Amino acid sequence: MKIQVKTHAILLYSLLGLAILWGPTASADPVDAVADLVLGQPHLTGQPHLFSNTANYGGVSASSLHGPREVAVDAAGNVYVADTSNHRVLVYLDPQNTDTVADLVLGKPNFITSKCKIDFVVDKVVSVIGSSSASTLCLPFGVVVDAAGNVYVADGNNRVLEYHTPLTTDTVADVVLGQPNFTSNTANNGGVSASSLYGPHGVAVDTAGNVYVADLYNNRVLVYDGFLDLTPMPTCAGYDDPCATPLALKKKPNDQFH
Ligand SMILES: [Ca+2]
Ligand SMILES: [Ca+2]
Numbered sequence: 076m077k078i079q080v081k082t083h084a085i086l087l088y089s090l091l092g093l094a095i096l097w098g099p100t101a102s103a104d105p106v107d108a109v110a111d112l113v114l115g116q117p118h119l120t121g122q123p124h125l126f127s128n129t130a131n132y133g134g135v136s137a138s139s140l141h142g143p144r145e146v147a148v149d150a151a152g153n154v155y156v157a158d159t160s161n162h163r164v165l166v167y168l169d170p171q172n173t174d175t176v177a178d179l180v181l182g183k184p185n186f187i188t189s190k191c192k193i194d195f196v197v198d199k200v201v202s203v204i205g206s207s208s209a210s211t212l213c214l215p216f217g218v219v220v221d222a223a224g225n226v227y228v229a230d231g232n233n234r235v236l237e238y239h240t241p242l243t244t245d246t247v248a249d250v251v252l253g254q255p256n257f258t259s260n261t262a263n264n265g266g267v268s269a270s271s272l273y274g275p276h277g278v279a280v281d282t283a284g285n286v287y288v289a290d291l292y293n294n295r296v297l298v299y300d301g302f303l304d305l306t307p308m309p310t311c312a313g314y315d316d317p318c319a320t321p322l323a324l325k326k327k328p329n330d331q332f333h
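Structure representation (structure tokens):
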């Protein structure tokens, strides 16, 4: 299956010759370059083309999207969308066989909340204003899921959050990269180092669980080996929480950062 992102919609192209069931009347769909399913926009049954591309069509909901930047899929066909301008990640449980309504949200307490206050200077995020925590997201640009179902999100708080199997546990992040705790969001916190991030956008994970982060404004990619051995950090409810346990990264002796 190939996935393509277009404006405010996620279009799923089935290249496997599988019939996509839609609505009460299922029909075999030929393998072609026409999308078979859409997330974030109403599906126009019977229409050869999808006409709508409105941001948050019908209002912010579990069925709307606004400026999605990245999409990931796990082995069970669950789809994870970085709904960037809604400051959340939506998870759709096997949308090819169920429906196109998101079933889980990361970064927001519900499906109708979408706010995050940000300072921009020439299209560059200067700072995120407001509460940063293990339960919030602001401008999530990248999302990826590993083979065990752990989800990694790069967000505008100059960090990457890791959620331990959120489909079966909770939607509170368990590990943070790029910040000493869940409440801070300073770019290059403590200076440019192996523990800092500045505008991370892309995140990837390999089969061994090593995590790769495209650290945009630092012009580098950081690799965190042994990531799954990291001790989850205590979560913080707010700025006043004494939640500053440093994250002990496992680094090899010859690791160098310039
Ligand atoms: Ca659903
Ligand atoms: Ca968790």
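Residues in the sequence shown are numbered from 76 upward in steps of one, following the numbering used here.
C-beta atoms are modelled at their ideal positions from N, C-alpha and C, and glycine is treated no differently.
Since the model is a prediction, treat every value here as computed from it, not as a measurement.
- Contact check for H276 and G217: beta-carbon distance about 5 angstroms, within the 8 angstroms limit, so the pair qualifies.
- Its Cα nearest to that of S210, the residue L179 stands out among L179, V220, D221, A150.
- Nearest to Y292 by alpha-carbon distance, out of D300, G274, S270, D304, is G274.
- Ranked by Cα distance from L236, the options Y287, P170, S189 are led by Y287.
- With respect to the 7 angstroms criterion, N260 and S271 are not classified as neighbours on the basis of their beta carbons.
- Comparing C-alpha distances from K192 to each of N172, N161, L168 shows the shortest one belongs to N161.
- Counting the other Cβ atoms within 10 Å of the Cβ of V298 gives fewer than 16, which makes it exposed.
- At the C-beta level, C213 and N185 stay beyond 7 angstroms of one another.
- A straight line joining the alpha-carbon of Q171 with that of L112 spans about 7 angstroms.
- A residue is called buried once 16 or more other Cβ atoms fall within 10 Å of its Cβ, and N153 is buried on that count.
- V247 and P105 have their alpha carbons spaced roughly 41 angstroms apart.
- Of the other Cβ atoms in all chains shown, fewer than 16 fall within 10 Å of the Cβ of G134; this residue is therefore exposed.
- Judged by the Cβ position, T306 fails to qualify as a neighbour of ligand 2 at the 6 angstroms threshold, every heavy atom of the ligand being at least this far.
- For V176, the CB falls within less than 6 angstroms of some heavy atom of ligand 1.
- Each of A283, D149, F257 was checked against the Cα of S206, and the nearest Cα belongs to F257.
- Taking 6 angstroms as the cut-off, one finds no heavy atom of ligand 2 near enough to the beta carbon of Y273.
- Your pair V250 and P307 checks out as a contact, with CB atoms roughly 6 angstroms apart and the cut at 8 angstroms.
- Assignment of D230 by DSSP, reduced to helix, strand and coil, places it in the strand class.
- In the displayed model, D290 falls within a strand according to three-state DSSP.
- One thing to note: A130 has its Cβ no nearer than 7 angstroms to the Cβ of E145.
- Taking 8 angstroms as the upper bound for CB-CB distance, A147 and D169 are not in contact here, some 14 angstroms apart.
- At least one heavy atom of ligand 2 lies less than 6 angstroms from the C-beta of T244.
- DSSP lists D158 as the beta-bridge partner residues of R163.
- Sequence-distant partners of V296 (beyond 5 residues in either direction) whose C-beta falls short of 7 angstroms from its own C-beta, in its chain, are Y287, V288, A289, D290.
- Contact check for L114 against T175 passes: the beta carbons are separated by less than 7 angstroms.
- Within the model, the alpha-carbon separation for P143 versus Y155 is close to 11 angstroms.
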